[in-house]
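Visitor: Residue 34 in numbering that gives the first Met the number 0 sits at position 35 of the sequence shown, and the numbers go up by one each step.
Mind having a look at this structure? Questions to follow.
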Amino acid sequence: MEFSLQLNNLYCQKENHKESEIVGFCVDENCLEQNKFACLDCLFDIHQKHKLVKLKDLNDIIENRYKNYKKKNEDEKELIEVYKKNEEYQ
Ligand SMILES: [Zn+2]
Ligand SMILES: [Zn+2]
Numbered sequence: 000m001e002f003s004l005q006l007n008n009l010y011c012q013k014e015n016h017k018e019s020e021i022v023g024f025c026v027d028e029n030c031l032e033q034n035k036f037a038c039l040d041c042l043f044d045i046h047q048k049h050k051l052v053k054l055k056d057l058n059d060i061i062e063n064r065y066k067n068y069k070k071k072n073e074d075e076k077e078l079i080e081v082y083k084k085n086e087e088y089q
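Here it is as structure tokens:
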């Protein structure tokens, strides 16, 4: 694999969630939260009833996406942009 987005061992950025490991990624179209990475606390709070993918599955999604995506430059920033524009995940 040519790229590495360290998706394992991510920890929640929320102040009260410091030691909480990220377990999912929100792909909900109605989600207003900027940080789409969700720990368990986030899952039951911020992203309650949102559509989420497991982090493990997200790895696969990204991998697949990456394969389709390497038309121009292959740097990680591009991938992160894809992340942010997650409307296509629906
Ligand atoms: Zn959290
Ligand atoms: Zn959400």
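Here a beta-carbon is modelled for each residue, glycine too, at the ideal position from N, C-alpha and C.
Less than 6 Å between C-beta atoms, sequence neighbours within five positions excluded: which residues of the same chain meet that for Lys-50?
Guide: Counting only Cβ-Cβ distances below 6 Å, and skipping sequence neighbours, we find Val-26, Asp-27.
Visitor: Looking at Phe-36 and Leu-9, is the spacing between their C-beta atoms short of 9 Å?
Guide: Contact flag set, yes.
Visitor: Please write down, chain order preserved, every residue whose beta carbon lies under 6 Å from a heavy atom of ligand 2.
Guide: Going by the Cβ distance cut-off, the answer is Cys-25, Asp-27, Cys-30, Glu-32, His-46, His-49.
Visitor: Which term fits Phe-43, buried or exposed, when burial requires 16 or more other beta carbons within 10 angstroms of its beta carbon?
Guide: Exposed: under 16 other Cβ atoms inside 10 Å.
Visitor: Can you list the residues near ligand 1, meaning Cβ strictly closer than 7 Å to any non-hydrogen atom, in the order they appear in the chain?
Guide: Spelled out in chain order, the answer is Cys-11, Lys-13, His-16, Ser-19, Ala-37, Cys-38, Asp-40, Cys-41.
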